[in-house]
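Q: Here it is, the structure, as structure tokens.
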Amino acid sequence: MNPYVLAILLSSLGLGTTLTFASSHWLLAWMGLEINTLAIIPLMAQHHHPRAVEATTKYFLTQATAAAMIMFASTTNAWITGEWDMNNMSSPIASTMIITALALKIGLAPMHFWMPEVLQGLDLLTGLILSTWQKLAPFALIIQMAQAVDPMLLTALGTMSTLVGGWGGLNQTQLRKILAYSSIAHMGWMIIILQYAPQLTLVALGMYIFMTSAAFLTLKTSSATKINTLTMIWSKAPTLTATTALVLLSLGGLPPLTGFMPKWLILQELAKQNLPITATIMALTALLSLYFYLRLCYAMTLTISPNTTNSTTPWRTQTTHPPLPLTLSTTIALGLLPMTPAILMLAT
């Protein structure tokens, strides 16, 4: 892609998200979401592969549907209350519609069906943008609206997302689909705690972005898209294999890695709010996710690739990628747990 075009598209992505962050008016927020969607579509379709075009079409249709729902709900709210301000959501129908549309935008269950399919059709770097940056603007709106939404609805969305994210990834062999289900599960953790401690949602979102970035950049460096390919990495890049296994375990939430921090704090807060059953369900669904991360770790570190593999053997891992983003995100994804008190102090 032409570097000038790429620069315009990436700056438009930044502009859309910033516009949504800064707005307290529904029309401006909607405009930011639309700029975001329109800026990523050329990035998604840049390879002109039928799967990429199909993924782009699916993404556009779901995002357009969600945007239309947001516009309809905010117009309804403005009609009832007489103003477009986000903080004045007195209509329960409008607020429920908007939270449903935003859930569709970020891929929360049961509106998650587009997410694995779309991510599977994209290359790894565009998939990284879709899994991290594209979640920020809708999340900003969800956090602003959380107090106006029925708590039961948020709890249902959260528990269902963690369950679907854990359950759906169990039988996958494609790494991008596994990361899509991982994303759905993490979104569920963020939504479940939103009504009780919004600062923990922000902490969980930050940690998720760093861990997912580390996972995607590692797969990009080793050119891996299937579990088959993972079995061949250890002989070519042993250090990368070791750090990748740890990053995956961090995504699963094992101590003493960074991923344990948000899960620990969220379960602690749920217990404080006298919600032991919800906390137990969340902890059990985390085990489902942990199973498929362990499966990937097992394939990478404890198996030798069969000779009759269908995938092309990457004889040399690509060294043209800049090492700094991968190094930085991996370091943060592995070693931030001792900094928990400082992060909590910054968040509150």
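In the numbering used here, the protein residues as written are 58 to 405.
Where is the CB? At the ideal position from N, CA and C, for every residue including glycine.
This structure is a prediction, so every number in the text was calculated from the model and none was measured.
#1: How is the alpha helix (DSSP H) around residue 255 delimited, first residue to last?
#2: To the nearest angstrom, report how far apart residue 207 and residue 280 are at their CA atoms.
#3: Report the rounded CA-to-CA distance for residue 340 versus residue 307, giving the unit in angstroms.
#4: Do the CB positions of residue 414 and residue 74 come within less than 8 angstroms of each other?
#5: Between 384, 288, 243, 98, which has its C-alpha nearest residue 318's C-alpha?
#6: Check residue 231 in the structure and name its three-state DSSP category.
#7: How many angstroms separate the CA atom of residue 332 from the CA atom of residue 128?
#8: Leaving out five residues on either side along the sequence, give the residues of the same chain with a beta carbon under 6 angstroms from the beta carbon of residue 80.
#9: What distance in whole Å lies between the Cβ atoms of residue 343 and residue 310, which are believed to be in contact at a cut-off of 8 angstroms?
#10: What are the uninterrupted segments assigned as beta strand (DSSP E) that are 3 or more residues long and contained completely in the region 112-197, given in chain order?
#11: Would you list the one or two residues that DSSP bridges to residue 283?
#12: Measure the beta-carbon distance from residue 394 to residue 314 and round it to whole angstroms, keeping in mind my assumption that it falls under 8 angstroms.
#13: What do you reckon, is the C-beta of residue 385 under 7 angstroms from a heavy atom of the ligand ATP?
#14: Can you give me the Cβ contacts of residue 226 inside the same chain, cut-off strictly under 6 angstroms, excluding the 5 residues immediately before and after it?
#15: Alpha carbon to alpha carbon, what distance is there between residue 288 and residue 153?
#16: Give me the residue from 113, 95, 146, 185 with the minimum Cα distance to residue 267.
#17: Would you say the region 98-114 touches the region 129-139, given that touching needs at least three Cβ pairs under 8 angstroms?
#18: Using the beta-carbon count (16 or more within 10 Å), is residue 124 buried or exposed?
#19: Rounding to the nearest angstrom, what Cα-Cα distance links residue 63 and residue 110 in this structure?
#20: Give the DSSP bridge partners of residue 82, in chain order.
#21: Let me confirm a value: residue 329 is counted as buried when at least 16 other C-beta atoms fall within 10 Å, else exposed. Which label applies?
#22: So, is residue 61 buried or exposed, given that buried needs 16 or more other C-beta atoms within 10 angstroms?
#23: Secondary structure at residue 206, three-state DSSP: helix, strand or coil?
#24: Secondary structure at residue 413, three-state DSSP: helix, strand or coil?
#25: Quick check: residue 345 and residue 178, are their CB atoms within less than 8 angstroms of each other?
#26: Pairs of beta-carbons, one from the region 156-166 and one from the region 185-197, closer than 8 angstroms: are there three or more?
#27: For the alpha helix (DSSP H) that residue 325 lies in, which residues bound it at each end?
#28: Helix, strand or coil for residue 58? Go by DSSP, reduced to three states.
#29: For residue 147 and chain D, any beta-carbon pair shorter than 8 angstroms?
#30: Beta-carbon within less than 6 angstroms of residue 300's beta-carbon, same chain only, minus the 5 sequence neighbours each way: which residues are those?
A: Taking the structure as given:
#1: 255-278
#2: 44 angstroms
#3: The alpha-carbon atoms of residue 340 and residue 307 are separated by roughly 15 angstroms.
#4: A question about residue 414 goes unanswered here, because the residues of the chain that appear run from 58 up to 405.
#5: Per the Cα distances, 243.
#6: strand
#7: 35 angstroms
#8: Excluding positions up to five away in sequence, the list reads 86.
#9: 6 angstroms
#10: none
#11: 231
#12: Residue 394 to residue 314, Cβ: 7 angstroms. Contact.
#13: In the structure shown, the ligand ATP is absent, as is every other ligand, since no ligand is present at all.
#14: 235, 238, 349
#15: 45 angstroms
#16: 185
#17: Contact fails: fewer than three Cβ-Cβ distances are below 8 angstroms.
#18: buried
#19: 18 angstroms
#20: 142
#21: exposed
#22: exposed
#23: coil
#24: Beyond the ends of the chain as shown, which are 58 and 405, falls residue 413; an answer cannot be given.
#25: no
#26: yes
#27: 317-329
#28: coil
#29: In the displayed structure, chain D is absent; only one protein chain is listed.
#30: 387
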